[in-house]
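Only one structure is covered here, and it is reproduced in the block below.
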Amino acid sequence: MATVAQQDEKYADNIYPTFEKSWDFSDLVLTFRDKKYHVHKAVISMWSPALKCKILELEEGQELELEADFMTDEDVVQVLQTIYPPNKAISEGSCERLIPIANKFQMFELLRRCEEYLIKNKAPTLVLLLFAQEQHLSKLLTKCIEYCSKQPIEELKRNASYDKISPQNLCVLLDVKCLKMEKRLRRSDMRSWELTCTLRAIYESWNKKEGACVQHRRNGMHQENCNDCLHAIRRQIDKLCELALDNPSEHSD
0 MATVAQQDEK YADNIYPTFE KSWDFSDLVL TFRDKKYHVH KAVISMWSPA LKCKILELEE
60 GQELELEADF MTDEDVVQVL QTIYPPNKAI SEGSCERLIP IANKFQMFEL LRRCEEYLIK
120 NKAPTLVLLL FAQEQHLSKL LTKCIEYCSK QPIEELKRNA SYDKISPQNL CVLLDVKCLK
180 MEKRLRRSDM RSWELTCTLR AIYESWNKKE GACVQHRRNG MHQENCNDCL HAIRRQIDKL
240 CELALDNPSE HSD
């Protein structure tokens, strides 16, 4: 007897069209290798301007042959089930298979959804950068470049994929990396200036009335042999150190 999980999986598989035979006023047959898929001209035309142009050139009753060396029979069914209601969800397993097909047939909305899925669900890597570069996924490419710009350049070079980055994208990557370094240097300079000011203020507190106890403040000078004066100076130094620690200029990118 089938378990509840197996029954649910079987039900889920059954809710998607199989396209094996004519159904619901289907008016177009797609052929790929030795398989035929019964679809609707309107649906295919909405999703693919490239296939729409080919459909307009067909004679009445003529089949439309799909040509793509990298595509399999399972890929065709996957694409059709993704664009037909109830729209099979894009998954990690299907996403990178769908993208080249979406590019091939100019299925821009499917491409957008796949790219969005990768941006949200897949960690950026140098390998993913190359995939985005190859498939012209600009938003995913930007995310991967941002990630790689934070990695040590020697570490990137040790990766075999580094030499496959296009000159244009490599320039963008190095440009982003340089901008980050300049930003860190500016923050470092600002931090050094703040610490210098803090040290100067600590030094000057020895010669200020605030560094003296109530008794010696009237004279405007602390006394080194007075414990109260030393405690007052310590409070000033602690206050200055707290301000320096609470307001750092440098944060990690």
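Per numbering that gives the first Met the number 0, the sequence shown starts with residue 0, numbered consecutively. Beta carbons are placed, not taken as given, at the ideal position from N, Cα and C, and that holds for glycine. All values reported here derive from a predicted model rather than from experimental measurement.
- In terms of Cα proximity to S137, the closest of C113, A159 and S160 is C113.
- Taking a cut-off of 8 Å for Cβ pairs, the region 64-73 and the region 114-125 do not touch, as fewer than three such pairs fall below it.
- Y116 sits in a helix when the DSSP states are folded into three classes.
- The Cβ atoms of N168 and L140 lie closer than 8 Å to each other.
- Per DSSP, the continuous beta strand (DSSP E) segment holding L29 begins and ends at L27 to F31.
- Here L127 is not near I164, since their CB atoms are 8 Å or more apart.
- Per the Cβ contact rule, the region 67-79 is in contact with the region 96-111 (3 or more Cβ pairs under 8 Å).
- Taking 8 Å as the upper bound for CB-CB distance, P85 and I144 are not in contact here, some 36 Å apart.
- Assignment of Y15 by DSSP, reduced to helix, strand and coil, places it in the coil class.
- Just so you know, the alpha carbons of Q61 and M45 end up roughly 19 Å apart.
- As the crow flies, the alpha-carbon of K142 is around 48 Å from that of R234.
- The straight-line gap separating the alpha-carbon atoms of E58 and Q132 is approximately 38 Å.
- In summary, P123 is buried, with 16 or more beta-carbon neighbours lying within 10 Å of its beta-carbon over all protein chains present.
- The beta carbon of I54 sits closer than 8 Å to those of L27, K40, I43, S44 and L63, all from its chain and outside the five residues before and after it, given in chain order.
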